[in-house]
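Below: the structure, in structure tokens.
Number of protein chains: 2
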Amino acid sequence: MSKKAAMIEAILAVVGTSSLISSPEEMAPFVMDWRGRRQGRAHCVVFPKNTEEVSAIMRIAARYSEPVFPVGGNTGLCFGAVPQAQDTVHPGIMLSLRRMNTIREIDRIANLVTVDAGVVLGDLHNAVAAEGRSLPMHLGSEGSAQIGGLISTNAGGTNVIRYGPMRDLVAGLELVLADGTILRNLEGLKKNNTGYMLDQLFIGAEGTLGIITAAVLKLHPRIATSAHAWIGLNSPSDATSLLALFRDRAPNLLEACELVSRSQYELVLRHIERVRLPFAELPAWSLMVELGSADAATDLDAIMEDVLQKGYETGLILDAVIASSQAQAEEIWHFRHSVSEANKKEGIGIVHDVCVRVSRVPDFIQAADEVSAARFPSAKSMVVCHLGDGNVHYTLMFQRQDVPADDEVFALEVEKAIHDVAVRLDGTISAEHGIGRKLTSELERLADPARIQVMRQIKSLLDPDNRLNPGVLLNPCMSDHKGA
Amino acid sequence: MSKKAAMIEAILAVVGTSSLISSPEEMAPFVMDWRGRRQGRAHCVVFPKNTEEVSAIMRIAARYSEPVFPVGGNTGLCFGAVPQAQDTVHPGIMLSLRRMNTIREIDRIANLVTVDAGVVLGDLHNAVAAEGRSLPMHLGSEGSAQIGGLISTNAGGTNVIRYGPMRDLVAGLELVLADGTILRNLEGLKKNNTGYMLDQLFIGAEGTLGIITAAVLKLHPRIATSAHAWIGLNSPSDATSLLALFRDRAPNLLEACELVSRSQYELVLRHIERVRLPFAELPAWSLMVELGSADAATDLDAIMEDVLQKGYETGLILDAVIASSQAQAEEIWHFRHSVSEANKKEGIGIVHDVCVRVSRVPDFIQAADEVSAARFPSAKSMVVCHLGDGNVHYTLMFQRQDVPADDEVFALEVEKAIHDVAVRLDGTISAEHGIGRKLTSELERLADPARIQVMRQIKSLLDPDNRLNPGVLLNPCMSDHKGA
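One line per chain: the protein sequences are A and B, in this order. At position 435 of the first sequence the residue is numbered 435 (the working numbering), and the sequence of numbers has no breaks. At position 178 of the second sequence the residue is numbered 178 (the working numbering), and the sequence of numbers has no breaks.
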């Protein structure tokens, strides 16, 4: 019996025959990035049903020196879930958490929910809504993204301005380490000062330090009333000034605050049917604002009008529309949410996910535009920005004929130019998408070497054989060596 | 020249003569716990003026194999700032951050403040208030506690229910590692998904992994209106039920929610002058509630009345008083804040700082009372509980004649009994006070060995010679050995 066959037999003895696949046909959707851009391979895909099975699989993987590639909903944008082992003799085991999908407990007094890692975000939304609570994490892929992946990538989205990223919603984790050790912190304690906060290391670690098998998440009250506005502005700096007015007048009510450039919305008008522009023409910049309150008595329209009034008076606002119905609110947000589809139809968009301090967003956009105009004059620059977070999705849109044949090399050239601008403004090259396999060389190039060294040391400590999602986050050729 | 003299000369060359003291008289207030319960010793106390000086001192300490004991305001309750080296040949260097006390920047758009570690919390409150913002961290020692210490101990207090502990207020740290390496993350980014969140390891690490020299902290809006009530109840479980009503009706408005037992308030009435009881007699349990809103238009009294009405209707409330003036509000909270002073006058109180899930607070109090009645019948049990956090300060009050001569041994016996109850209910033995030197043996006894092992490994990684606050957090006899 080959080593591979022996290993699979050992795993089957743990999980049973219905919980493992190994034929290329069955594995195809798992070993491929969801957008079909990256192809990986693996000995098998395993579907453990509980934490003890995960632990047993990790011990078997260790015994056979096989890497382990955890996968949730496979909705990432940086190829972090594609199994691409450096060592071709050990292509590894894919670990799908999808069968661990129980919502274990909703505690309305403590405002906590305990879930398995494989629970789909949309399902969790529904379950907590039924208990009068909300888990304020909203993103395009919520119909398939799983909690474990969302935590491993520290997911963001449009509500971070108010509730923070996934990191801020985690009250505890259950983890399986490379050697099969289980670390449980599912007590749901609001305070615990008994040493190092290990959980936080694993949030955003992209599966390179351990497997997240369950979590306790913080619940928030449901929004009982909301107000929505589309505000036309002259410039990003007017937008940050207006944001400051919102922070003064409605400090705890900002559910979303999205800044979008005219160039971006022109593509939505061009490519998407059934979008309605509430202005005579597109403003240079659009600020899409949602206010929300858990107290139905809060008069959000009045607050919105107060701020807009002040914005008009101080010359910050060109024009604005407050949604007068739920249907109108949905129209406004439909425009915003049509961006991805419009861009796909337009051409080849090279998207960046940078973050700078909120107050520096205008500087970043101006500097990035200058660099783009000089280096890539054929590209059109477009901005979609989670303004309250300083998170700018800066896209350079190329027509297909302008992009060289080797588009990965070209994309990296573009990314380097824009990342340099972000770093010059003390920003980061990944705000919410992560590093994955896409940005490891950029992280290596731009991050503080002292920080990278500590990261490598921690990786070596918790995964001395570099078997947990190898090649993700840290450059493989470097992270193979042990210790510092 | 002795090694000590040579080392002091090397440090003096870095910081200058006015920034180091080494005479026993001058060092006395630094090497002693502020309550005078623990005495330490050190070669010298150094007062660096900037991060580069801290880095240079760390390199000198490494060269001379001396431990380093960081100290902020010396206001801790667990002896975490007392320099007590195991190795008497190397008593070490105390590092006081008090001269690094600049508030570097207040950014109103990004809602962030950048501060040196030695800034006193009360001074920071005043500075951000002048900019219309708040740093919602309030505790008795805020007149002397420093930011670095508050972060190193992940401080709590009465506002955690709404804003979280110090961990949740940190947006970035500047750190100096044991070898003098400086790690800077002061960019104030709301999102940064470029690898392991190292800062979080140092929050609550009690100075055992590195020295915090500066921080970016998240600001909140100032409270524009508030409402205060003292509610009399029959039981802790009625209190958690009422808390659920508050969470439903005023979910984002709870600034404080403190549960206090009659036995505790009897001592306040007995020992503190000028406290006024707004009831004919003390209720069995008191819930002290503050609602706050940054929007002056929020009618908090109406919301408070709504909840109390519902509480009366469902039989949860015996009696309640809503403060009708600021003066009355202050009277209510003066009662609450007189607890420590009353206890000091009464006798020997052995205080616990446990945390259980909010919904289990009633079970904990009942079980702890049962254990106490059986094991320590001469003691009176008293409860002050940050109910929204599940954090119970459970005190057993002994008369002096009932406490054996060796009171440290006796205290540990009492603590063990109460800690066992907390752990049985999936709770923790330290919610907000930390471990320090006080609870290392209890942590060793009760924590998950797998978790402790990873903590030891991380300690060995970042401080291989065990020179950073040795003896704090991890048991010295064990943490001296390197690796796992």
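The beta carbon of each residue, even a glycine, is placed where N, CA and C say it ideally should be. Just so it is clear, the structure is predicted and the values come from calculations on it, not from any experiment.
How about the region 167-183 of chain B and the region 133-151 of chain A: do they share at least three Cβ pairs that are nearer than 8 Å?
no
Taking only beta-carbon positions, decide if Lys-310 (chain B) is within less than 7 Å of chain A.
no
Just confirm the distance between the C-beta atoms of Phe-79 (chain A) and Gly-436 (chain A), as a whole number of angstroms; I'd bet it's less than 8 Å.
5 Å
In this structure, how does DSSP classify Val-423 (chain A) when only helix, strand and coil are distinguished?
helix
List, in chain order, every chain B residue whose beta-carbon is nearer than 8 Å to that of Ala-244 (chain A).
Arg-108, Ile-109
Pick from B:Thr-75, B:Pro-449, B:Ser-152, B:Leu-95 that is closest to Pro-67 (chain B), judged by C-alpha positions
B:Leu-95
Cutting at 6 Å between CB atoms, please list the residues of its own chain near Gly-40 (chain B), excluding the five before and the five after it.
Val-31, Val-82, Pro-83, Gln-84
Comparing the C-beta of Glu-305 (chain B) with each C-beta of chain A, is any distance below 7 Å?
no
Distance, Cα to Cα, Glu-305 (chain A) vs Leu-291 (chain A)?
12 Å
Should Lys-344 (chain A) be flagged as near chain B, meaning a C-beta pair shorter than 7 Å?
no
Taking all protein chains shown into account, do 16 or more other C-beta atoms lie within 10 angstroms of the C-beta of Gly-16 (chain A), making it buried, or fewer, making it exposed?
exposed
Between which two residues does the beta strand (DSSP E) holding Asn-391 (chain B) run?
391-398
Tell me whether Arg-98 (chain A) sits in a helix, a strand or coil according to DSSP, three-state version.
coil
If you draw a straight line from the C-alpha of Gly-195 (chain A) to the C-alpha of Lys-345 (chain A), how long is it?
51 Å
Trp-285 (chain A) lies in the beta strand (DSSP E); which residues open and close that run?
285-293
Just the chain A side, please: which residues come within less than 8 Å of Val-260 (chain B) by C-beta, in chain order?
Chain A residues near Val-260 (chain B): none, gap ~18 Å exceeds 8 Å.
Three-way DSSP call (helix, strand, coil) for Phe-364 (chain A) in this model:
helix
Do you know offhand how far Arg-108 (chain B)'s Cα is from Ser-134 (chain B)'s?
11 Å
Taking just the CA atoms, how far does Ser-286 (chain A) sit from Thr-240 (chain A)?
12 Å
Can you round the beta-carbon distance between His-433 (chain B) and Asn-193 (chain A) to whole angstroms, since I take them to be within the 8 Å contact cut?
7 Å
Starting from Val-561 (chain B), find everything on chain A with Cβ-Cβ shorter than 7 Å and list it in chain order.
Residue coverage of chain B in this structure runs from 1 to 484, which leaves residue 561 (chain B) outside it and unanswerable.
Given a cut-off of 7 Å on the beta-carbon distance, is the pair Thr-395 (chain B) and Val-351 (chain B) in contact?
yes
Within 10 Å of its beta-carbon, does Ser-293 (chain A) have 16 or more other beta-carbons around it, so buried, or fewer, so exposed?
buried
Distance between Gly-388 (chain A) and Glu-255 (chain B) (C-alpha atoms, nearest Å)
24 Å
Using a C-beta cutoff of 7 Å, does Lys-218 (chain A) count as contacting chain B?
no
Which residues does DSSP pair with His-352 (chain A) in a beta bridge?
A:Tyr-394
Is the number of C-beta pairs between the region 410-421 of chain B and the region 442-449 of chain B that are closer than 8 Å three or more?
yes
What are the uninterrupted segments assigned as beta strand (DSSP E) that are 3 or more residues long and contained completely in the region 118-189 of chain A, given in chain order?
170-176, 182-184
Amino acids of chain B, ordered along the chain, whose beta-carbon sits closer than 9 Å to that of Ala-433 (chain A)
It should be noted that the sequence gives His, not Ala, for residue 433 (chain A). Going along chain B in sequence order, the residues near His-433 (chain A) (Cβ under 9 Å) are Asn-193.
Quick check: the Cα distance between Asp-87 (chain B) and Gln-457 (chain A), rounded to an integer number of angstroms?
28 Å
Apart from the five residues just before and just after Ala-405 (chain A), which ones in its own chain have a Cβ nearer than 8 Å to its Cβ?
none
Span separating the alpha-carbon of Leu-219 (chain A) from that of Leu-112 (chain A):
5 Å
Verify whether the separation of the beta carbon atoms of Gln-264 (chain A) and Met-100 (chain A) is less than 7 Å.
no
Taking all protein chains shown into account, do 16 or more other C-beta atoms lie within 10 angstroms of the C-beta of Gly-349 (chain A), making it buried, or fewer, making it exposed?
buried
Three or more beta-carbon pairs under 8 Å between the region 242-260 of chain B and the region 367-379 of chain B, yes or no?
no
Please return the same chain residues whose Cβ sits closer than 6 Å to the Cβ of Val-260 (chain A), not counting the five positions on each side in sequence.
Ser-286, Val-384
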